[in-house]
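Take a look at the structure set out below.
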Amino acid sequence: MNIVNKINLVKSAYPHLFKNFPKTVKIVEVSPRDGLQNEKQFVPTETKINLINKLSESGLKVVESTSFVSPKAIPQMADAVEVLKGINRIEGVSYPVLVPNVKGMETALKCNVEEIAVFGAASEAFTQKNIKCSIEESLKRFSDVIQMAKENQIRVRGYVSCVMGCPYEGEIDPQNVQLVAQIMKDMGCYEISLGDTIGIGTPGIKFFQIILLAEKTEILFNTVKLERGMLAAHFHNTYDRAIQNLVVALGVNIIVQISIQNGISVIDSSVAGIGGCPYAKGASGNVATEDVLFLLDLLGIEHGVDVHKLCQVGDYISKELNRDNLAGVSSKDFEKII
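Under the UniProt record's numbering, the first residue of the sequence shown is numbered 1, with each subsequent residue one higher.
This is the structure:
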């Protein structure tokens, strides 16, 4: 099903959503980190640096670049220091890095990072598989990392994975999502990214409604007191439903501090749809950035990215990885939009 048909499918079910789209959307490009981390063959450091530079030259304002994790756990990220030293930093572009613990934060500080991300989950089993501890213990670890970030004037973004389901537990209690999101916000995260890690979300399932739909969101986020623009959508495309879910996420009204606001205005995506999750077997890559930009153009939502340059980046990294480009659109498709 092409993107236009996906939009029409959602419009037929939820026509009221099309009155509530935000005027602009910020794209958080995650391919250098979330996209490459699952590649079996080590990607040369030079290729990673080229990818980040090309992405930042396309107009993207946020390019998540690497992670300071154990090389034993994620060998692909073993060259994090070299990557950060090698990129050409453009003024106005943020290059956040994922930091799981104090040791990683100490290394990140030596690389003069300006923004980090911490990674939590709404699933106990997933947390154990990912970082070998409980949700409670993971949040305690993040507390020390976030405190170090505050002391060094570094911004912190929070990830909550498995918000719609877990590959090990199945259904997830929405209160777990609420708890993790609230604690991350209270610790100091300026933005919280909600991850459909295994791509099982649909616009109609219980958890999607609880997380995003107006009549349910107050239940989840009333105590979190989220500010406008604080939520991000991080959807994997395992079952080819990420675009439909994003349409809903963009259009829902979110109840924040007793006021009605437009839907989510931050989207995580990965050029050429590369990615996956080493701790979620069968999970495909993130929704392709090209497809997200095409969706935004069709809906008349501004994003500030040069779509033709971005498409070239997708072709570049696909060739470097010797794999198919999983984006559903190409540069020529954008020329057809009136």
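Quick reminder that beta carbons are idealized off the backbone N, C-alpha and C, glycines included.
In the DSSP assignment, what residue or residues form a beta bridge with residue i?
i, result
"residue 27", "267"
"residue 233", "194, 267"
"residue 156", "116"
"residue 62", "28, 94"
"residue 320", "Note: residue 320 sits in no beta bridge, so no partner."
"residue 170", "166"
"residue 121", "161"
"residue 288", "270"
Using 8 angstroms as the threshold, is the C-beta distance between residue i and residue j below it?
i, j, result
"residue 271", "residue 55", "yes"
"residue 273", "residue 287", "yes"
"residue 158", "residue 118", "yes"
"residue 327", "residue 268", "no"
"residue 120", "residue 184", "yes"
"residue 17", "residue 248", "yes"
"residue 53", "residue 27", "no"
"residue 337", "residue 297", "yes"
"residue 135", "residue 100", "no"
"residue 168", "residue 125", "yes"
"residue 107", "residue 68", "yes"
"residue 265", "residue 32", "no"
"residue 38", "residue 275", "yes"
"residue 116", "residue 97", "yes"
"residue 29", "residue 60", "yes"
Out of the options, which one is the CA nearest neighbour of residue i?
i, options, result
"residue 144", "202, 198, 102, 116", "102"
"residue 285", "198, 9, 123", "198"
"residue 34", "236, 309, 314", "236"
"residue 172", "123, 130, 132", "123"
"residue 164", "136, 89, 201", "201"
"residue 309", "334, 104, 321", "334"
"residue 25", "323, 300, 94, 115", "300"
"residue 150", "177, 109, 174, 128", "109"
"residue 314", "48, 176, 6", "48"
"residue 155", "319, 46, 188", "188"
"residue 317", "142, 186, 43, 7", "43"
"residue 58", "323, 312, 329", "312"
"residue 78", "50, 36, 91", "36"
"residue 20", "330, 329, 250, 82", "250"
"residue 320", "46, 1, 4, 177", "46"
"residue 7", "330, 246, 186", "246"
"residue 137", "332, 30, 180", "180"
DSSP three-state call for residue i: helix, strand or coil?
i, result
"residue 116", "strand"
"residue 106", "helix"
"residue 134", "coil"
"residue 258", "At residue 258 the pLDDT is 41, less than 50, meaning the model places this residue with poor confidence; the figure from the coordinates comes in the next sentence. Three-state DSSP puts residue 258 in coil, outside helix and strand."
"residue 214", "Here residue 214 scores only 33 on pLDDT, less than 50, and its place in the model is too uncertain to base an answer on."
"residue 161", "strand"
"residue 331", "helix"
"residue 57", "helix"
"residue 101", "coil"
"residue 151", "helix"
"residue 303", "coil"
"residue 43", "coil"
"residue 12", "helix"
"residue 272", "helix"
"residue 6", "helix"
"residue 70", "coil"
"residue 251", "helix"
"residue 50", "helix"
"residue 75", "helix"
"residue 21", "coil"
"residue 146", "helix"
"residue 325", "coil"
"residue 141", "helix"
"residue 127", "helix"
Examine the ligand COA and report whether any of its heavy atoms sits within less than 7 angstroms of the Cβ of residue i.
i, result
"residue 62", "Absence of the ligand COA from the depicted structure is noted, as is the absence of any ligand whatsoever, leaving it without description."
contact_flag[the region 292–307, the region 231–251] where n(CB pairs < 8 angstroms) is 3 or more: Segment contact: the region 292–307 against the region 231–251, three or more CB-CB distances shorter than 8 angstroms; contact assigned.
The region 62–82 / the region 11–24 touching (three or more Cβ pairs under 8 angstroms): Judged by Cβ distances under 8 angstroms, the region 62–82 makes no contact with the region 11–24, as fewer than three pairs qualify.
Segment contact flag, the region 58–66 with the region 187–198, C-beta cutoff 8 angstroms, min 3 pairs: no
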